[in-house]
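Protein chains in written order, with my numbering: chain A, 36 to 184; chain B, 36 to 184.
We treat Cβ as the ideally placed atom computed from N, Cα and C, and that holds for glycine.
These numbers were taken from a predicted model, which means no experiment stands behind them.
Only one structure is covered here, and it is reproduced in the block below.
Number of protein chains: 2
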Amino acid sequence: MPKVDLAATPHVSRTGYPPPHDAAVAGRLNRRFAAEAGLSLLGANHVILQPGAWSSQRHWHRLADELVIMLAGEAVLVEDSGETLMRAGDIAAFPHGVENGHHLQNRSKAECVFVAISAGDEGDSGGYPDIDLLFGPAGFTRRDGTPFA
Amino acid sequence: MPKVDLAATPHVSRTGYPPPHDAAVAGRLNRRFAAEAGLSLLGANHVILQPGAWSSQRHWHRLADELVIMLAGEAVLVEDSGETLMRAGDIAAFPHGVENGHHLQNRSKAECVFVAISAGDEGDSGGYPDIDLLFGPAGFTRRDGTPFA
Chain A
36 MPKVDLAATP
46 HVSRTGYPPP
56 HDAAVAGRLN
66 RRFAAEAGLS
76 LLGANHVILQ
86 PGAWSSQRHW
96 HRLADELVIM
106 LAGEAVLVED
116 SGETLMRAGD
126 IAAFPHGVEN
136 GHHLQNRSKA
146 ECVFVAISAG
156 DEGDSGGYPD
166 IDLLFGPAGF
176 TRRDGTPFA
Chain B
36 MPKVDLAATP
46 HVSRTGYPPP
56 HDAAVAGRLN
66 RRFAAEAGLS
76 LLGANHVILQ
86 PGAWSSQRHW
96 HRLADELVIM
106 LAGEAVLVED
116 SGETLMRAGD
126 IAAFPHGVEN
136 GHHLQNRSKA
146 ECVFVAISAG
156 DEGDSGGYPD
166 IDLLFGPAGF
176 TRRDGTPFA
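So, in structure tokens, the structure goes:
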């Protein structure tokens, strides 16, 4: 069925971020539904942020375009040029190769819900302007290329 | 700015469909915002359907994955296996190469709003199960390959 059965993809709160960078996303519940829906060219995540949670560490992508569509609640989009309140119906776009770190913070007292969609993820890499972390096809490293022990 | 300024991309109601296939989408107002937002790997349309309007003729894509995210109002998703009511927060996914024609019909008395996102559009082609029409990189033809006069 083309209508996505979100309930078929469980919410997952795990992250690959090495400590201490994982703490900020502990309240992020993520449904990675593209594969379940049969999509292979699009990445798609249905995300609930509990109050206080971040969508990710502030990051940018070298190869992948990214789109965020707010469905419910409020979040603050943080990027290099400042902060922007995002509400249901608002959309944010992050072109690949633009080194403008971005993420969403739920500073409200209620859950917020958004969908994050991407294309070009294969072999993607990028960075995190606020912390000593890089990502790439082989996983996470520090900025000097050393792995996390 | 990563937050998409939808007002910067005017609504357009035009379609490339040859008559009489254009009539059903006359009440479709489309903002094709990906290029304005700097995206090149994702196609993105913010669409308002007036009461009675269709999102498109019922179609499928040979090369492009497609995702539809309902933002407001109601529409009926029509595809080979039947009809499904879509409301704000609902998502539908259309994997490339699956010949399951689909579209949205606004049968309600109020506008509805959705976002349609795609990847893999370059060189895309496909068909329309209900009418004598094909699309491809060179435009529209009848099923026998002849152009519309």
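Run down chain A in chain order and give the residues with a C-beta less than 8 Å from the C-beta of Gly73/B. Within the second sequence, the letter at position 38 stands for residue 73/B. Result: Ala128, Pro130 and Val133.
What residue does the beta strand (DSSP E) around Glu109/B start on, and which one ends it? Numbered from its first residue, the second sequence carries residue 109/B at position 74. Residues Glu109 to Glu114.
By the DSSP assignment, the beta strand (DSSP E) with Met121/A in it spans what residues? Counting from one through the first sequence, the residue named residue 121/A turns up at place 86. That run of the beta strand (DSSP E) goes Gly117 to Arg122.
Using a Cβ cut-off of 8 Å, pull out every chain A residue sitting near Pro37/B, in sequence order please. Stepping through the second sequence from its first residue, residue 37/B is reached at position 2. What Pro37/B touches in chain A: Leu112, Glu114, Thr119, Ala127, Ala128, Phe129, Asn135 and His137.
Mapping the DSSP letters down to three states, classify Leu41/B as helix, strand or coil. Within the second sequence, residue 41/B is the residue found at index 6, counting from 1. Of the three classes helix, strand and coil, the one that applies to Leu41/B here is helix, per DSSP.
Is the stretch 124–133 of chain B touching the stretch 48–64 of chain B in the sense that three or more CB pairs, one from each, lie closer than 8 Å? no
Check Ala58/A in the structure and name its three-state DSSP category. In the first sequence, residue 58/A corresponds to position 23, counting from 1. Note: Ala58/A maps to helix in three-state DSSP.
How would you write the range of the beta strand (DSSP E) that Asn65/A sits in, first residue to last? Reading the first sequence from its first residue, position 30 is the one you call residue 65/A. Its beta strand (DSSP E) spans residues Arg63 to Arg67.
Determine the direct distance from the alpha carbon of Gly162/B to that of Phe175/A, and round the result to whole angstroms. Taking the first residue of the first sequence as 1, we reach residue 175/A at position 140. Taking the first residue of the second sequence as 1, we reach residue 162/B at position 127. Approximately 43 Å, taken between the alpha carbons.
Between Leu41/A, Gly51/A, Glu101/A and Asn65/A, which has its C-alpha nearest Leu169/A's C-alpha? Here residue 169/A corresponds to residue number 134 of the first sequence, with the count starting at 1. For Leu169/A, the nearest C-alpha among the options comes from Gly51/A.
Considering only the beta carbon of each residue, do Ala99/B and Ser153/B sit closer than 9 Å? Your numbering for residue 99/B matches position 64 in the second sequence. Your numbering for residue 153/B matches position 118 in the second sequence. It is a contact, given that the beta carbons lie within the stated cut-off.
Looking only at DSSP bridge pairs, what is Ala99/B linked to? Start at 1 with the first residue of the second sequence, and residue 99/B comes out as number 64. Its beta-bridge partners do not exist; DSSP assigns none.
Between which two residues does the beta strand (DSSP E) harbouring Val148/A extend? Looking up residue 148/A in the first sequence gives position 113. Taken as a continuous stretch (DSSP letters only), the beta strand (DSSP E) holding Val148/A covers Cys147 to Ala154.
Looking at Thr44/B and the ligand NAP, is the gap between the Cβ and the nearest heavy atom below 8 Å? This structure lacks the ligand NAP, and indeed carries no ligand of any kind.
Excluding the 5 residues flanking His96/B on each side, which residues of the same chain have their C-beta closer than 6 Å to its C-beta? Numbered from 1 along the second sequence, position 61 holds the residue referred to as residue 96/B. Correct list, in chain order: His131, Asp159 and Gly161.
How far does the beta strand (DSSP E) with Gln85/B in it extend, from its first residue to its last? What you label residue 85/B is simply residue 50 of the second sequence in a count that begins at 1. Neither: Gln85/B is in no beta strand (DSSP E) and is coded neither H nor E.
Should Arg178/B go down as buried or exposed, given a rule of 16 or more other Cβ atoms within 10 Å for buried? Your numbering for residue 178/B matches position 143 in the second sequence. It counts as exposed.
Rank Phe149/B, Val148/B, Ala70/B and Pro172/B by C-alpha distance to the C-alpha of Glu157/B and give the top, closest one. Against the second sequence, residue 157/B aligns to sequence position 122. Of the candidates Phe149/B, Val148/B, Ala70/B and Pro172/B, the one whose C-alpha sits nearest the C-alpha of Glu157/B is Pro172/B.
Buried or exposed for Arg122/B, going by 16 or more other Cβ atoms inside 10 Å? In the second sequence, counting from the first residue as 1, residue 122/B sits at position 87. It counts as exposed.
Name, please, each residue of chain B whose Cβ falls closer than 7 Å to the Cβ of Ile104/A. Stepping through the first sequence from its first residue, residue 104/A is reached at position 69. Simply Ile104 and Val150.
Which residues of the stretch 62–96 of chain B have a Cβ closer than 8 Å to any Cβ of chain A? Give them in chain order. Phe68, Ala69, Ala72, Gly73, Leu74, Ser75, Leu76, Leu77, Ala79 and His81
Kindly indicate the opening and closing residues of the beta strand (DSSP E) around Ala127/A. For the purposes of this step, residue 127/A is taken as the residue at position 92 of the first sequence. Unbroken beta strand (DSSP E) run through Ala127/A: Ile126 to Phe129.
Quick check: the Cα distance between Glu109/B and His137/B, rounded to an integer number of angstroms? Position 74 of the second sequence, counted from the start, is the residue given in the question as residue 109/B. Position 102 of the second sequence, counted from the start, is the residue given in the question as residue 137/B. Looking at the two C-alpha atoms, the distance is approximately 16 Å.
By Cβ distance, which residues of its chain are closer than 8 Å to Glu146/B, with the 5 residues on each side in sequence left out? Sequence index remark: in the second sequence, residue 146/B carries index 111 (1-based). So the qualifying residues of the chain are Ile83, Leu84, Gln85, Pro86, Ala107 and Gly108.
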